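**Student:** Take this structure, written in structure tokens, and hold onto it; I'll ask about it next.
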Amino acid sequence: MTTFSSREFNQDVGSAKRAALSEPVFITDRGKPTHVLLSFEAYRALSGQTETLVDLLALSEGVTIDLDAARAGDGWDRQGGV
């Protein structure tokens, strides 16, 4: 278990980030744990998230969508009236 005091963390964020690649890093304030630094992959595993929103919205190769939708009006016509 890797632990950094708040002061150590502020003075050497890079070391904390490198340590978090292999295990959670506990950050303490006055000797008490207050935060945990995780790699993004560790966070995703803990949260049960297997795909990001970008992954979910990305189109598979070869898939096309033909959108021919009218633009939603905003209540104003282009000549300045309502």
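Here my numbering is used: the sequence shown runs in plain steps of one and ends on residue 84. Cβ coordinates follow ideal geometry from the N, Cα and C atoms, glycine included. This one's a predicted model, so the numbers in the text were calculated from it and none came from an experiment.
(1) Am I right that Ala22 and Leu39 are in contact with their C-beta atoms under 8 Å? What's the rounded C-beta distance?
(2) Take Arg20 as the anchor and find which of Arg46, Arg32, Phe6 and Gly33 has the nearest alpha-carbon.
(3) Compute the beta-carbon to beta-carbon distance between Phe42 and Met3, rounded to the nearest angstrom, for a pair I have assumed lies under 8 Å.
(4) Is Leu39 helix, strand or coil by DSSP?
(5) Who are the near neighbours of Glu25 in its chain, counting only those whose CB is closer than 8 Å to its CB and skipping five residues on each side?
**Tutor:** In terms of the structure at hand:
(1) By one-based count along the sequence shown, residue 22 stands at place 20. By one-based count along the sequence shown, residue 39 stands at place 37. Yes, Ala22 and Leu39 are in contact; Cβ-Cβ is about 5 Å, under 8 Å.
(2) Within the sequence shown, residue 20 is the residue found at index 18, counting from 1. Per the Cα distances, Phe6.
(3) What you label residue 42 is simply residue 40 of the sequence shown in a count that begins at 1. What you label residue 3 is simply residue 1 of the sequence shown in a count that begins at 1. Not confirmed; about 20 Å, so no contact.
(4) Numbered from its first residue, the sequence shown carries residue 39 at position 37. Note: Leu39 maps to strand in three-state DSSP.
(5) Here residue 25 refers to the residue found at position 23 when the sequence shown is read from its first residue. Same-chain partners within the cutoff: Met3 and Thr4.
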